[in-house]
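See below:
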């Protein structure tokens, strides 16, 4: 009953927060593309075809994280598809419910794993579930369309199947692992699962460990080839599709590895601090108390901790900067690891305390959960809403503009390039273009034939978006020349006079 109430609390917070905190707005490019791909999948397609008249503008219409296949006349996201597929299915009912449902499921799955670990004692399972359910990172993350909520849900389902420890459980875990690898980036689930597979190997269960290793190798090869398979599906020749095959994947990995800088240690320290602040306040003390079980390899404590360490090391090397994120996003899939380690810590605390002190430990946990849900969550929700609202306002203003095209100039602004978002089948009006990716001849063309509006710094700052001159200084001069060309052509009506209509509901 208690875990059901916790899951219901998470579900309600996620659904309500999607509407009231995030205003049904996808803030980051990751979130935009999850919804973008889901829309394509719901239509029964894998690629969104582009009409001939819009093909020259493809880069300006969808400027980031798209697969670079020149010969495919369609939009293809550079993210793996399983998260978008989950949202596509959820979208038939309510798109806003997908991540809240996954987060609620994750709480139940954490509880279920803990019950398998400690079948004779429900207390550790309730501790793990309560700490998970009162994490601001979990709750606010469930209000977004980030794939990390799905990572947590599938990782905990995988672990529940793994600790079942029979042939059916391991076979099902491999299937779940295949889906988890394909959620959006292939790196995260293998880092979580590797210590558990190593456990099988070390315990002389080499056949089972080999089954995991071979299966995961095949799955990884499939997902690495996913974009190439899409290209072939879209009618591209094998030679041309090689642009996005194994070589494309290796090039992306090499680019990340060669960009490594030791200065990323500062970012990682901030990421870890942010992660701790966005959790139930009793999480860290209880995790620290699990040190003895980790050291002694009690149960799966070592494997849980190893997954956390592997992920931290990998992110430090390849991507210390998380961009947007509520807490530390790249640790989100491992919230279950932390909560289960906290359960190990709870057991250690219980064995150290006398009978009279145990109620005090329970009171400490209850107070921590109350602080997490009643104090920290509202503070973090307010922070999120205040950050998101100016961008949501701007997106609504742009969508209400009476024009064929709205050209967005991101110069001197923070994250304004993410306002460039279009329906994957380009059924929206106005269509939104990134000025950065428009060639001079394209500006001449649309200004001569279409009604064009320009969204620029004055519009953005009037809506509360912060200026950040350093963020875009690399190519501000390029956009300045393009703005001058538009001015010379008398192109680009101001949006500001129409803002009162678009933002009235926000006031």
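In the working numbering, the protein residues as written are 537 to 1043.
Glycine is no exception: its CB is placed at the ideal position from the N, C-alpha and C atoms.
Which whole-angstrom value is the C-beta distance of residue 763 and residue 603, which I expect to be below 8 Å? The Cβ separation is near 5 Å, so the contact holds.
Could you tell me the distance, in whole angstroms, from the CA atom of residue 708 to the CA atom of residue 589? 47 Å
Judging by CA-CA distance, which residue of 813, 756, 805, 800 is the nearest neighbour of residue 785? 756
Assuming residue 970 is part of the beta strand (DSSP E), what are its boundary residues? Element bounds for residue 970: 967-970.
Coil, strand or helix - residue 1030 by DSSP: strand
Check each candidate in 618, 741, 884, 1024 and name the one with the smallest Cα separation from residue 570. 618
Start-to-end residues for the alpha helix (DSSP H) that takes in residue 877: 871-888
Where residue 537 sits in the DSSP three-state scheme: coil
Residue 942 (DSSP reduced to helix, strand or coil): strand
What does DSSP give as the partner residue(s) for residue 707 in the beta ladder? Note: residue 707 sits in no beta bridge, so no partner.
In whole angstroms, what is the alpha-carbon distance linking residue 1084 and residue 941? This structure leaves residue 1084 out entirely; the chain is present only between 537 and 1043.
C-alpha distance - residue 710 paired with residue 816, whole-angstrom precision: 32 Å
Look up residue 908 in the DSSP assignment and say whether it is helix, strand or coil. helix
Excluding the five sequence neighbours on either side, which residues of its own chain have a C-beta within less than 6 Å of the C-beta of residue 679, listed in chain order? 550, 553, 554, 557, 558
By DSSP, does residue 585 sit in helix, in strand, or in coil? strand
Under a Cβ-count criterion, where at least 16 other Cβ atoms within 10 Å of its own Cβ denotes burial, should residue 628 be classed as buried or exposed? exposed
Taking DSSP's pairing of strands, which residues face residue 744 in a bridge? In DSSP, residue 744 forms no bridge with anything.
Thinking C-beta only, is residue 863 closer than 8 Å to residue 810? yes
I'd like the span of the beta strand (DSSP E) that includes residue 1060, first residue to last. Residue 1060 is absent from the structure shown; the chain starts at 537 and stops at 1043.
Go through the segment 833-871 residue by residue and report every complete run of the alpha helix (DSSP H) that reaches 4 residues or more, in order. Entirely contained in the segment 833-871, the alpha helix (DSSP H) runs reaching 4 residues are, in chain order, 837-854.
For residue 859, count neighbouring C-beta atoms within 10 Å of its own C-beta (all shown protein chains included) and say buried if the count is 16 or more, exposed if not. exposed
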